[in-house]
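Asks:
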Amino acid sequence: MGSKKLEETILEKAKDGKLPCAVCFKIAEEFGIPKKELTKVLNQMKIKISQCQLGCFE
6 MGSKKLEETI LEKAKDGKLP CAVCFKIAEE FGIPKKELTK VLNQMKIKIS
56 QCQLGCFE
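The numbering of the sequence shown is the numbering used here, which starts it at 6 and goes up by one.
In structure tokens, the structure reads:
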């Protein structure tokens, strides 16, 4: 899946510029990308990760 679809999915699920950690896990799995790669995209989009689980996202 393309990065445009990834960004659309992130924007659909983000609330007030934040995305829960559990949702990040699901998105990374759905798109078949490493969590660190998703973190880069989120940083570029200025989306913060909330309710973080064990510091998996940096």
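All residues carry an ideal CB built from backbone N, CA and C; glycine is no exception.
As the structure is a prediction and not an experimental result, all values here were calculated from the model.
Between the beta-carbon of residue 29 and the beta-carbon of residue 16, is there less than 8 Å?
Replies: Their beta carbons are not under 8 Å apart, which means residue 29 does not touch residue 16 by this criterion.
Asks: Does residue 51 come out as helix, strand or coil in the three-state DSSP assignment?
Replies: DSSP places residue 51 in coil when its eight states are reduced to three.
Asks: Alpha carbon to alpha carbon, what distance is there between residue 24 and residue 56?
Replies: C-alpha separation (whole angstroms): 8 Å.
Asks: Which whole-angstrom value is the C-beta distance of residue 32 and residue 14, which I expect to be below 8 Å?
Replies: Going by Cβ atoms, the distance from residue 32 to residue 14 rounds to 6 Å, so yes, they are a contact pair.
Asks: Who are the near neighbours of residue 11 in its chain, counting only those whose CB is closer than 6 Å to its CB and skipping five residues on each side?
Replies: Here the set comprises 36.
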